[in-house]
Amino acid sequence: MAIVKKSFKDVTTGVRAVYQKGADMIGKRQLDYGIELLKQVVQKEPGFMDARNMLRAAEKEKAESMSGFAKFIANIKSLRWILKAQTAAGKNPVEAMTYTEEALALNLYSTQALNLLATAAKNADAGFISSEALEILVDMDPENEANLRSAADLYQAVGDSRNLLKVWTRLANKNPDNLEFQGKLREAAALATMEAGKWDQEGSAAEKARAAKKDKKADVGDRIIRAEEDIKNMIAKFEDDIAHGNESVDLRRKLAEHYMRSGRFEDSIKAYQFIVEKMGTLDPAIDRCIEKATVAIINRKIEELKAANAPEEEIRAQEQVILDYKLERYEDRVRLYPNDLVCRYELAVVYWDRNEVDKALEQFQLAQRNPAHRLQAMTYLGRCFHAKGQNDMAVEQFNNVLAEMPVMDKDKMSTLYYLGITYEDIGDGKNAIECFKQIYSANVNYLDVAQRMNDYYAKNKKN
Numbered sequence: 312m313a314i315v316k317k318s319f320k321d322v323t324t325g326v327r328a329v330y331q332k333g334a335d336m337i338g339k340r341q342l343d344y345g346i347e348l349l350k351q352v353v354q355k356e357p358g359f360m361d362a363r364n365m366l367r368a369a370e371k372e373k374a375e376s377m378s379g380f381a382k383f384i385a386n387i388k389s390l391r392w393i394l395k396a397q398t399a400a401g402k403n404p405v406e407a408m409t410y411t412e413e414a415l416a417l418n419l420y421s422t423q424a425l426n427l428l429a430t431a432a433k434n435a436d437a438g439f440i441s442s443e444a445l446e447i448l449v450d451m452d453p454e455n456e457a458n459l460r461s462a463a464d465l466y467q468a469v470g471d472s473r474n475l476l477k478v479w480t481r482l483a484n485k486n487p488d489n490l491e492f493q494g495k496l497r498e499a500a501a502l503a504t505m506e507a508g509k510w511d512q513e514g515s516a517a518e519k520a521r522a523a524k525k526d527k528k529a530d531v532g533d534r535i536i537r538a539e540e541d542i543k544n545m546i547a548k549f550e551d552d553i554a555h556g557n558e559s560v561d562l563r564r565k566l567a568e569h570y571m572r573s574g575r576f577e578d579s580i581k582a583y584q585f586i587v588e589k590m591g592t593l594d595p596a597i598d599r600c601i602e603k604a605t606v607a608i609i610n611r612k613i614e615e616l617k618a619a620n621a622p623e624e625e626i627r628a629q630e631q632v633i634l635d636y637k638l639e640r641y642e643d644r645v646r647l648y649p650n651d652l653v654c655r656y657e658l659a660v661v662y663w664d665r666n667e668v669d670k671a672l673e674q675f676q677l678a679q680r681n682p683a684h685r686l687q688a689m690t691y692l693g694r695c696f697h698a699k700g701q702n703d704m705a706v707e708q709f710n711n712v713l714a715e716m717p718v719m720d721k722d723k724m725s726t727l728y729y730l731g732i733t734y735e736d737i738g739d740g741k742n743a744i745e746c747f748k749q750i751y752s753a754n755v756n757y758l759d760v761a762q763r764m765n766d767y768y769a770k771n772k773k774n
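For our numbering, add 311 to where a residue sits in the sequence shown, where the first one is 1.
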């Protein structure tokens with residue numbers, strides 16, 4: 312039976328309990344224990360995406376903090392698991408995946424373990440797990456042409472067109488005179504950029520997969536989409552299939568996605584609502600799709616108001632409609648899935664955007680236990696302290712975040728910027744300008760940093 316993606320509500324109470332304990336350990340910085348617990352969850356439920364994402368983020372943090380010698384020892388320890396995975400791969404790919412998780416818990420950047428996981432997942436009909444392993448492998452060494460070619464072959468096999476395009480773009484850019492690579496890039500660019508998702512419907516996942524292979528119309532539905540005109544043609548094709556009695560959830564999902572891509576947001580919502588009625592439950596992924604389409608409708612109205620030079624109050628009123636709608640949806644998700652830390656983070660951001668600082672503070676404190684949003688949540692906590700006038704706590708919070716940010720990326724620039732603002736507010740101009748200097752050295756166009764630097768040097772010149 313194929314491995315399918317699962318959300319928090321799809322796994323047993325026992326699995327949820329271990330997952331939550333693992334998340335708590337990660338939040339308390341007990342990384343090894345947290346990884347051990349999350350590894351057990353992923354081995355039992357390989358399709359549980361919340362656990363997979365949290366485990367990989369924790370393993371990445373662990374691997375990047377290891378010394379060269381520690382990595383050497385970890386690789387030696389992982390050999391027995393790699394050998395077991397190699398032995399099991401031919402007969403039992405799911406068992407092989409279990410062994411690779413043991414190796415990756417020791418060192419996420421084990422090339423052998425990642426390759427084994429990618430291949431075993433493909434053979435277990437779990438393309439999304441294969442893609443996950445390949446992404447890590449490619450990011451480890453983006454210049455390794457052999458890895459890129461292997462990744463392209465597997466992405467093609469599992470139908471991951473998004474990552475297939477990324478790989479062929481890299482290869483084609485590295486080899487502009489290679490006609491084969493340029494041709495592969497054109498083919499990849501033409502593929503549909505839809506994520507292959509599966510929701511519960513009649514029959515098993517394996518039966519659905521077999522039926523899809525036999526159904527020529529479904530095959531046409533997943534073929535190359537070259538331009539906007541092709542999207543319209545695909546919509547017409549899906550609508551015709553429905554008119555002739557095909558009421559499958561998967562077909563409606565594809566139709567909803569194409570409606571969204573073509574700007575037919577109202578029709579997209581109707582298609583998703585059909586899925587909800589058919590399934591008898593509101594899946595968080597579908598809920599987010601409906602939210603995205605609803606917000607797009609309101610944003611379109613805002614653009615129309617701006618084009619018509621409407622009063623600013625009308626525009627602000629529509630922007631408030633978006634905030635109110637998001638608040639309703641995110642609060643509802645947190646009620647339904649109180650242990651989903653991604654939902655907590657999303658709700659916290661909405662509270663922040665509404666200037667409900669105390670509520671945002673509470674949710675960000677919970678959301679920081681999710682490794683995927685940990686640093687962003689910590690930065691927001693600093694901003695909450697600053698907004699409440701608790702500047703000493705804000706400075707401490709921002710500095711704690713920066714200690715975990717070795718690379719000057721957009722998250723680090725954001726943290727530095729708000730730390731600089733806080734220093735200004737407490738009259739510490741020296742430390743404030745040092746923050747802005749770091750940003751300016753990396754990106755002169757970041758917010759108003761260039762103007763702040765110009766003002767600083769102009770003032771010093773006069774003095």
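C-beta atoms are modelled at their ideal positions from N, C-alpha and C, and glycine is treated no differently.
Please classify residue i: is it buried, with 16 or more other beta-carbons within 10 angstroms of its beta-carbon, or exposed?
i	result
T323	exposed
S559	buried
L394	exposed
Y768	exposed
Q762	exposed
V718	exposed
F319	buried
L727	buried
A362	buried
G591	exposed
K527	Caution is warranted here: a pLDDT of 39 is assigned to K527, below 50, making its placement in the model unreliable, and no coordinate value can be reported.
I384	exposed
Taking C-alpha atoms, which residue in the options lies nearest to residue i?
i	options	result
S652	L672, Q631, A407, P682	Per the sequence presented here, residue 652 reads as Leu, with Ser not at that position. Of the candidates L672, Q631, A407, P682, the one whose C-alpha sits nearest the C-alpha of L652 is P682.
A369	D598, D669, C695, N418	N418
M545	N557, Q331, S573	S573
K748	N756, D739, V760, I737	V760
K317	P357, N710, L713	P357
G338	N666, A678, E602	A678
V661	Q676, N650, E642, R646	E642
V410	A621, S472, A385, K350	Correcting the residue type first, residue 410 is Tyr in the shown sequence and not Val. Per the Cα distances, K350.
G401	I384, K388, L428, I387	L428
K543	G556, D561, R575	R575
A431	Y420, E412, A416, Y570	E412
E406	F380, I384, A435	A435
N474	A457, V449, N455, D664	V449
L415	V755, L366, Q676, P404	L366
R640	S725, L713, C600, I608	C600
N754	Y648, K723, Q674, E715	K723
M408	Q354, I387, S378, N557	Q354
V587	S441, D561, K332	D561
R680	F492, D664, Q341	Q341
Taking the CB atoms as reference points, tell me whether residue i and residue j lie closer together than 8 Å.
i	j	result
L593	A582	no
V352	V315	no
Y466	L445	yes
V706	L730	yes
N650	R327	yes
V478	A468	no
I580	A604	yes
A374	Y344	no
T733	N711	no
A659	F675	yes
Determine the direct distance from the alpha carbon of residue j to that of residue i, and round the result to whole angstroms.
i	j	result
M704	L692	9 Å
K617	E577	21 Å
F439	K495	22 Å
P595	E745	43 Å
K612	H684	31 Å
L348	L459	32 Å
R646	R655	10 Å
Y636	E630	10 Å
K741	I346	41 Å
I447	D598	29 Å
S752	K772	20 Å
N620	I626	10 Å
D488	L482	11 Å
D335	V606	33 Å
L634	D464	43 Å
S376	E602	38 Å
M571	F549	14 Å
N666	L758	21 Å
Evaluate contact between the region 384-399 and the region 421-429, counting only Cβ atoms and requiring at least three cross-stretch pairs below 8 Å. yes
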